[in-house]
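Everything below concerns the one structure shown next.
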Amino acid sequence: MAKTNVPEYAYKVSCDFCTKEAAASGEIRTEVSEYFERKAARGLWSFVCEPMLQFVTVERRMSREMLRFLLNSLEKMEFSEIHLVQTLLQHHSRLHPPCRREMQQFYSSVFRSPLKSANFPDDSLMDFFALLSKIKNAVESRSADFGKLMSAFGFYLDILTHDSLHSSASKNYPILYNLLDDCFVLHCTQIFAIYLQIPPDHRADIALYLALLAEIVRWYDVDAGNWSGKKNPLHHGFVVSFGDEISKKCSAARKRTKKLSKESIGKMADLVEQLPSKWLRRQLGDDDDEEDPCSFEATLANLTEVDEDFEVCVGELALNKSILEDLRSNREQISEAVVMVELVMKQSIYGYGGDSNRQFLKIYVALPRLIAAGKRLLEKSNVFDAYPNHIYSIFEANIDFDIRFMVDCGITGCNWIELPPTTWTRRAQSGNMPRKTSRCQIEVDVAYNKLISHEPEGDWAKVAPFRILSFDIECAGRKGVFPEPQHDPVIQIANMVVRQGQHEPFIRNIFTLKSCAPIVGIQVISSERESDMLEKWAEFVREVDPDLFTGYNINNFDFPYLINRANHLKCQHFTFLGRITNIKSVIRDSVIQSKQMGRRENKIVNFEGRTSFDLLLVLLRDYKLRSYTLNAVSYHFLQEQKEDVHHSIISDLQNGTDQSRRRLAVYCLKDAYLPIKLVDKLMSIINYMEMSRVTGVTFSSLLTRGQQIKVMSQLLRKAKEAGYLLPTQSVGEAQDQFEGATVIEPMKGYYNEPIATLDFSSLYPSIMMAHNLCYSTLITKKSIETLGLTPDRYSETPCGNYFVKSTVRKGLLPLILESLISARKRAKADMKTETDPFKLKVLDGRQLALKISANSVYGFTGAQVGKLPCLEISSVSRT
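Heads up, the final residue of the sequence shown is numbered 879 in the UniProt record's numbering, and it's a clean run with no missing numbers.
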C-alpha cells in the first residue's frame, strides 16, 4: 500500500461530519494532522481512527494525554488485522456505556465467537446487501430497528474492507454498485439530518458510521455510477493511494457531492421537522437501556493548585510558627501553616464610611482547620513581623470551607460545571497515568480556577438523571425490646432504584437472611449468613453507584444500624459506601434547632460523592402534620398505606417458612417504595435542588444546616463582587434585644358588611428594598456629620437609625432581594408557557425556592444568635 501524504480534503471529511457543530481546538487539530501526515494512508483505518478521535476530543472533552495514548496504541497495532474493529470500538465506546452495550450485543449475535482470522463465508456479503435494503427501509419507515441496523452496517463495512475478502467478494461488486447508486447518497443525507437532531450525548455510536458514508459519497461518482479511483476502494479500504493524480481525478466527484448537499438542504429541513424527539430517543435505545444503573456517569474532579504564580506581599511571619506550635497534632506533617499572605484593598460591609478602601491582609493557610488557630492567635498576640503592636479585626474567618471554595470559584450548588478542553487530565485504573482514587466512571485532575459554573438558564437548567436508591431494613428484635445492633440481626434489606424524572424504579430487589419464596417482578438475593448479606448489599450499592440515598428515617435508624451491625460482625468492606475508595462511612451526631422542628438530635453519615436525602427530615422541616409516621404520611399525601404487618410479629415471620419470609419481604419492599412515590408527589428533590441553585449552598446542607447559611452564601457572593468583607462575630455577641411586631387578634363573629383584607406582596423584602436597608448602608449620626451628608441623601427610621439612600450607595441586601424577586417573576412567567410536565415541576420548584429565599433575608438580620445579626435592619421591618 503506497505511503503518501494525506490530502487536505480527507481531513475535512472528518471535521465536517464528526465536528459539525464544534470545531476542535487548534492544538489537537494540529496534532492529529501531523500524525496522519507522518503515518501515510493506511486504508480504511486512517479514516476510521481520525473521525473517531476528532469527534471524541470535541464532543466528550478528551484530554490530550488520552489522545496521545490512543494514537500511540494505534501506531503499535497491525492495521490489517480484523480484530482491530473490536479494539477500536472498545477504545471509542468507553465514554458512552449505552452505545458500547448495543454494539457489543450485535457483535455477539452476528459473530457468535471472537474473530481470530479474516476468513469469512461468501454469504457475509449477501447478508450485507440485505442489510442495506433494511437500512433504507428503516429510514423511510422510521423503524424501531434503526439504531441497531446502523451499528450492523458499520461492522459489515469493516469486514468488507479487509484485503483477504477481495477474491471471494469481487463477483458481488456489481450488486454492491447498484445498491450504492440506489441508496447511499440519499441515505447519507437522511441519516445526517437525523444525526443533527440527536442529543450530543448519544451521537458517539453513529459518528463512525457517518464518516464511512461520507467517504463513500466523496469517492463515488454519482453521475457515472462507478468509482473515481483506479482501484476499488472497498478492496483497499476506500483509498489505495492519495497521490496528486488520484486527487485530480476525484475533484469532479467532490464538486458533485457539494452540489448534492446544497440541493438536499430543503429535504433535510423537512425531514428534521417531521421527526418527533420522542421517536429519536426511542431509536437510540433509551428504553432498552432502562435497567442499566451505569448509563449516567459519575465524575470526580481532583482539584489542584492554580496554575498561576502569586506574589507574597508580606515576608516571613511569626504567625506561621505560632500556628504550628499551637497545633495539638500534625498528622498531615505540614511544615508551613501559612502558605501565602496577600495585601488587598477592600471595605467592611458593616456601616457606610464613604467609598474609600482600606488595607487588609488576606491569609492563605494549608488546611481549613488552621483558620481557627490563626484567628485565635491574631486576636490575642502580635504575630506579624511586618506589623508590630497592631490590633487586628478578623473578617470572614467563620465561613465554612465548602462555602468559601464555592464563592471564590463562582460555583453554586446543583449547577452544571464545565471543564474546558486541555485544562484537565484523566486518571486511569492502571498504566502510566495517575491512578484513580474513586469509583467514579470518570476521574480527572484540574486546577480549581479553571472550573466553569453555568447559570441554571436554558439548557443548563436541566436536571441530571440522578440515580436514587430508596431502601428499608428489617431487624429481628427481641420481644418488647427495640432492636439494638449489638444484639439483633438485620434480616432483610429492600431496594428500589429510580432515575430522577421517572416514576417507576428500574431495579427492585431484596436481600434476605435465609431463603424467601419468589416475588413477581422482584429479584430476591438470599444468604445464610448475615455478614454475607451485608457485604452483598454494600457491593450492590457500589455497583449501582447511586447519587442519592432516600428512605424514611434512614439517617437516624437505617444507616447507623447497618454500620454498627456491620462493625459488630466485623464486615471489613461494608463501610466503604461512598465513591472515594479509601474513606469509610462513619456516624457523627448533630443538632438542628428551628421553630418548625424544635430541637432535634440527628445522626449524620458521610458518603463522599453521594447524598442522604432522608424524607422524614424533609417532612419535619417543610410540613406541619398531625403524625409523621410513614403510614400516616403516605395516607395523607398518597391515600396509600403500608402492608399490614405489625412489628411484633416480624421475628416470628423470619423464623417461619419461605412463605412467611415472603410476606415480610413484601412489607419491606412497600416501605422502600413509598418514599419514592412521596418524593415524586411532593417534588422534594426538585425543590431542594432549585433552592440549592438559588442560594448557592450544597444540596446536603439544606437538610443538615439551618436557614442562615443560605443567606450567608448569597451575601458572600454579592460582597465579593462589590469588594466588601464580612466581619467575624462570635455567637451571642449581640447584646440588644428587640420586640417583635404587634399581632392583633381577629374579632371573630358574623358580619353583614364586606370586610376588606390587605395583603402585601413580599412585605418584608419590599420594605427592605424601599428603604435601602443593608449592612453597607447603615450610618451613624457622627459619620453623617463627618461626611457632610445632606438630609436628602439619607433617611431616618422610626427607631432612630440612619441609612443612606440608594443614590449614595445601593445596599447588597436590596440587590439580592431584587434579583430573587425578578427571577421568581421570570420563573412564574415561564410556567405559563411551559408544556412539558417535568420542566413545569422544575420551574414551580424554582419559584418556590426564590420566594422562601427572599423571605429568609429578613430573618437572617434578626437572628440574635447568628453570624451577622443587625437589629437596626430587623427592627425597621417590624416597626
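No residue lacks a Cβ here, since even glycine has one placed at the ideal position from N, Cα and C.
Rounded C-beta distance between residue i and residue j? I'm assuming under 8 angstroms.
i	j	result
H503	D326	Not really, about 55 angstroms apart at Cβ, beyond 8 angstroms.
T299	I468	Rounded, the Cβ-Cβ distance is 18 angstroms, inconsistent with contact.
R610	L548	7 angstroms
H573	A538	6 angstroms
A672	S470	5 angstroms
C414	M689	4 angstroms
P485	H568	6 angstroms
L319	G374	6 angstroms
N449	C409	7 angstroms
R579	R439	5 angstroms
K867	Q659	58 angstroms between Cβ atoms; not a contact.
Q347	G788	Incorrect: roughly 19 angstroms between the Cβ atoms, too far for contact.
I779	G351	7 angstroms
Nearest to residue i by CA position, among the options, is which residue?
i	options	result
I821	G800, L850, P727, N357	L850
K810	R846, A770, A829, T835	A770
I522	S692, F506, E528	F506
M340	S329, N330, I363, S761	I363
I873	I403, D658, L813	L813
I403	S701, S329, A372	S701
S335	L367, Q714, I349	L367
S783	Y802, Q714, I767	Y802
I554	N602, R508, H636	N602
L513	I473, H454, Q333	I473
Take the Cβ of residue i as the centre, count every other Cβ of all protein chains shown within 10 Å, and call the residue buried at 16 or more, exposed below.
i	result
T581	exposed
F576	buried
I563	buried
S875	buried
D836	exposed
I491	buried
F540	buried
D545	buried
V446	buried
K710	buried
T372	Here the sequence assigns Ala to residue 372, which means Thr is not the residue at that position. Classification of A372: exposed, given that the 10 Å Cβ count is below 16.
F860	buried
Y667	buried
D614	buried
Among all the DSSP beta bridges, which residues are the ones paired with residue i?
i	result
M345	Q359
S648	Partner(s): none; S648 has no beta bridge.
Q659	For Q659, which the question treats as bridged, DSSP gives no partner whatsoever.
F803	L778, S795
N302	D445
F395	P727
W424	V446
residue 897	Lying before the first or after the last residue shown, residue 897 is absent from the chain, which here runs from 1 to 879.
K603	D589
E325	For E325, which the question treats as bridged, DSSP gives no partner whatsoever.
I519	I522
E539	Per DSSP, none; premise fails for E539.
V743	Partner(s): none; V743 has no beta bridge.
I554	Answer by DSSP bridge pairing: none, since I554 is not bridged.
E418	I452
If you follow the beta strand (DSSP E) that residue i is in, where does it begin and where does it stop?
i	result
A447	442–447
I494	This sequence places Ala at residue 494; Ile is not what is there. Segment 490–499, the beta strand (DSSP E) holding A494.
R467	467–475
S526	523–527
N631	From DSSP, N631 is part of no beta strand (DSSP E) but of the alpha helix (DSSP H) over 630–638.
K507	Here residue 507 turns out to be Ile, not Lys, going by the sequence shown. Segment 507–513, the beta strand (DSSP E) holding I507.
For the alpha helix (DSSP H) that contains residue i, what are its first and last residues?
i	result
M769	763–770
M406	401–409
V618	615–622
F549	No alpha helix (DSSP H) holds F549; the beta strand (DSSP E) holding it covers 548–551.
L702	701–704
T437	Premise fails: T437 is in no alpha helix (DSSP H) and is neither H nor E.
V694	684–695
R709	Note on identity: in this sequence residue 709 is Ile, with Arg being the wrong assignment. Here the alpha helix (DSSP H) through I709 covers 708–722.
I563	559–568
A373	370–380
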